[in-house]
Amino acid sequence: MFTEHKSVFLFVDSLWSRAPGRASLLIQEEEVKEVKEVECVFSRQTVRRTESRRSFGESERGKNCFQYWRTQKEDFAMSWGTELWDQFENLDKHTQWGIDFLERYAKFVKERLEIEQNYAKQLRNLVKKYCPKRSKDEEPRFTSCLSFYSILNELNDYAGQREVVAEEMAHRVYGELMRYSQDLKAERKHHLQEGRKAQQHLDHCWKQMDNSKKKFERECREAEKSQITYERLDNDINATKSEVEKAKAQFYMRTHSADESKNEYAAQLQSFNAEQWKHFHSAIPQIFKNLQNMDERRTVKLGETYRSFAEAERRVIPIISKCLEGMVSAAKAVDERRDSAIVVESFKSGFEPPADFPFEDFSQNLSRTGSDGTISNTPKGDKDRDRDGAPGPRSDPKHPMSRTKNKLWLFGKKPKAPSLEDFSHLPPEQRRKRLQQRIDELNRELQKEMDQRDALNKMKDVYEKNPQMGDPNSLQPKISETICNMEKLRSEIHKNETWLSEVEGKQSSRGDRRHSADNHHHGPQGRESPEGSYTDDTSQEHHTPHHRPGPAQPRHPNPDPHEFDDEFDDDDPLPVIGHCKALYSFDGQNEGTLVMAEDEVLYIIEEDKGDGWTRARKQSGEEGYVPTSYVEITLEKNSKGS
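UniProt numbering applies: residue 1 is where the sequence shown begins, and numbers increase by one.
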């Protein structure tokens, strides 16, 4: 039916210029006729199917078919070949605009995917910046830190999804658009060349027809002139017969030429009309239809790329949602109680708090006087007490670590203590944990060596049973090496377990030893360090403050257990070796330091050992450390303590 309509419309178009009214009448009659035919067909189908099946859908189906026919007719009416037969230049511009628009959209997609690539790159750099590489011992254990690093990992995965979006846009959208743009340019060029060739052929036919027309017109004028000449001579009585015959022959010849030109012109005109009809009803409509199909395919491709542009985002939404859920889960994993417990676990020293200060009766010294009438500095019966009556242990030269235990520094930054094999530089609780960690690691290594030994022994047994598989003696050096490694690991484990039991024994007996020390010395005693060294209490800062800070020396691997009791013995006051004048005031807020005012004169009882601190004594007897750079020191020879 669509082909018949096409022929009807072509026929109507040929008659349009000569009989517009007739053409419109033909259109109306044709439409009415075909509508009636369709209605008759539908009515017969409806009557024939009513007896077997009655349903509302049959009449609706007929309406749908009729609507489809009307749609096909409208689609044909909207064809570029019929509606735009004379708009070649405008179609040329429109198709060029369509390709330009497609390339403009491709440029937009390119800039969009570059934004995605830069965004993903910046996210990865941000994650790399805030997640530096750390050793296993330096990894954070706080839940807030672990959650933050989990968020960084999820953000890194999110950046990967942005890269996926950029890749999808680059391959499925931008690359496809650029390839399709090149194909469109080639196809458009081909169709336009065909259109120009058809137009050139029509122009050539018109030129031939026009030439024949001009020739026919010229021959007709010449024939008319010869006819006039012949008639004039024929009516002239003075003209000779030969002149009349000559004019007559000329007239016949011109008339014959005019007839031939007329026939040629008619043939050329008929040929041109045929070519023109073919041009405007076949060639140009087909070319314009191809251009229309090309432009419609371009529009469809744009719609598909629009959809692909959105699908590139939609495909990663589930994974991005999982990344965001991971961030939320990491936020929920933050546990403030757990972090507080980790702080306690990390910094707990294991020392006991200092005991209460007892009452000290200084009036006992008033009853004892020397032969020269002066009050003695230290009673012999109270050698364990200092000059102010407060007991204080002496520093142990065997354990320099006791001098710096719990010592706060002037500018708040304590030098890092050397890492000892037995962790004796750490507080008891931290030392116990580190030793336990080392024992666990050594046990794991020992288990690996044992597994390797068992595997080698099994392989050796297999070789002994099947000599063709290998030489069993070749495994003996490896077995011996494994056994040697096991013995070394067992020795290390035993050594660390000895240190661990030593620390645990000291912690369990610290309370009893403190109670015994209180009964013997009648005063608060200092706390022990895990190495057996002494750590000062605040009650001893008047007599035996912390020694100046210095590099800790490794303790003896097997300390004498009696050294713990010797810590409670005190020495005589240190002698004065010089005096100093305070250049600046010093508040002495840190433990073991001495408060001094500007221009105050102090006694020097111990020189600076290179750590920037000098031990001094006030005239009141208070002792402590002062910054060497804060005082002007004058050393004296053969000086004794006051």
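Using N, Cα and C, we set each Cβ at its ideal position, and we do this for glycine too.
Assign H494 to one of two classes, buried (16 or more other C-beta atoms within 10 Å of its C-beta) or exposed (fewer than that).
-> The residue is exposed, with fewer than 16 neighbouring Cβ atoms inside 10 Å.
Excluding five sequence neighbours on each side, which residues of the same chain lie with their C-beta closer than 8 Å to the C-beta of S349?
-> Result list for S349: P427, P428, E429 and Q430, in chain order.
Backbone CA spacing between S321 and A331 [nearest angstrom] = One C-alpha to the other measures close to 15 Å.
DSSP beta-bridge partners of V631 = According to DSSP, which records beta bridges pairwise, V631 is partnered with A582.
Could you tell me the distance, in whole angstroms, from the CA atom of L583 to the CA atom of E632?
-> Within the model, the alpha-carbon separation for L583 versus E632 is close to 7 Å.
Sort out for me which residues DSSP pairs T593 with in a bridge.
-> For T593, which the question treats as bridged, DSSP gives the partners Y625.
Name the two residues that bound the continuous alpha helix (DSSP H) containing V462.
-> Run containing V462: P428 to K465, per the alpha helix (DSSP H) assignment.
Please state whether DSSP places I604 in a helix, a strand or coil.
-> Strand, per DSSP.
What runs of the beta strand (DSSP E), each 3 residues or longer, lie entirely inside the region 207-232?
-> At a cut-off of 3 residues, not a single continuous stretch assigned as beta strand (DSSP E) sits fully inside the region 207-232.
Run of the alpha helix (DSSP H) containing G85, from where it starts to where it stops = Gly is not the amino acid found at residue 85; the sequence shown has Trp there. First-last for W85: undefined, no H or E at that position.
Per DSSP, R615 forms a beta bridge with which residues?
-> Bridge pairing for R615: E606 and Y625 [DSSP].
Classification of D422 by the beta-carbon crowding that lies within 10 angstroms, buried from 16 upward | Classified as buried, D422 has 16 or more neighbouring CB atoms from the shown chains inside 10 Å of its CB.
Where does V343 land, buried or exposed, given buried means 16+ other C-beta within 10 angstroms?
-> Under this definition V343 is an exposed residue.
Rounded Cβ spacing between T82 and L291 (contact assumed at less than 8 Å) | The Cβ separation is near 13 Å, so there is no contact.
Segment limits, alpha helix (DSSP H) that includes Y265 = Start and end: K241 to K278.
Return yes when the Cβ of M209 is within less than 7 Å of the Cβ of Q268, no when it is not.
-> Taking 7 Å as the Cβ cut-off, Q268 and M209 qualify as a contacting pair.
Buried or exposed by the 16-neighbour rule on C-beta atoms within 10 Å, applied to E311 | The residue is exposed, with fewer than 16 neighbouring Cβ atoms inside 10 Å.
Contact the region 350-361 vs the region 150-166: 3+ CB pairs below 8 Å = As far as the Cβ criterion goes, the region 350-361 does not touch the region 150-166, which means the pair count is below three.
At what residue ranges does the region 95-178 contain a whole run of the beta strand (DSSP E), taking only runs of 3 or more?
-> Considered as a whole, the region 95-178 harbours no complete run of any beta strand (DSSP E) with no fewer than 3 residues.
Per DSSP, what kind of secondary structure is K189 in: helix, strand or coil?
-> K189 falls in the helix class under three-state DSSP.
With respect to the alpha helix (DSSP H) encompassing P285, which residues constitute its N-terminal and C-terminal limits?
-> For P285, the enclosing alpha helix (DSSP H) covers residues I284 to K332.
Taking all protein chains shown into account, decide if D234 is buried (16 or more other Cβ within 10 angstroms of its Cβ) or exposed.
-> D234 is exposed by the Cβ-count criterion.
Among residues of its own chain, excluding the 5 on either side of Y265, which ones have a beta-carbon nearer than 6 Å to its beta-carbon?
-> Here Y265 has S212, K213 and F216 as same chain residues with Cβ atoms under 6 Å from its own Cβ, once five neighbours each way along the sequence are excluded.
Under the three-state DSSP convention, the category E89 falls into | Under the three-state reduction of DSSP, E89 is assigned to helix.
Could you tell me whether the Cβ atoms of Q161 and V328 are closer together than 7 Å?
-> Contact annotation: Q161 and V328 have beta-carbon atoms that are not nearer than 7 Å.
What separation, rounded to the nearest whole angstrom, lies between the Cα atoms of H190 and F288?
-> Separation of H190 and F288 (C-alpha to C-alpha, rounded to the nearest whole angstrom) is 12 Å.
Touching by the beta-carbon criterion (3+ pairs, under 8 Å), the region 161-174 and the region 111-129 = Contact between the region 161-174 and the region 111-129 is present, because at least three Cβ pairs lie under 8 Å.
Roughly how many angstroms lie between the CA atoms of E194 and V127, to the nearest whole one?
-> Whole-angstrom Cα-Cα distance: 59 Å.
Would you check if the distance between the CB atom of L489 and the CB atom of E445 is smaller than 7 Å?
-> The answer is yes: Cβ separation under 7 Å.
When the distance is taken between beta carbons, is E606 closer than 7 Å to R615?
-> Yes, they are a contact pair.
For P472, three-class secondary structure by DSSP | Helix at P472.
Sub-7 Å separation of N496 and L420 beta-carbons = Contact: no.
How about the region 176-191 and the region 87-105: do they share at least three Cβ pairs that are nearer than 8 Å?
-> Judged by Cβ distances under 8 Å, the region 176-191 makes contact with the region 87-105, as three or more pairs qualify.
Apply the 10 Å Cβ neighbour rule to M253 and answer buried if 16 or more other Cβ atoms are within range, or exposed otherwise.
-> So M253 ends up on the exposed side.
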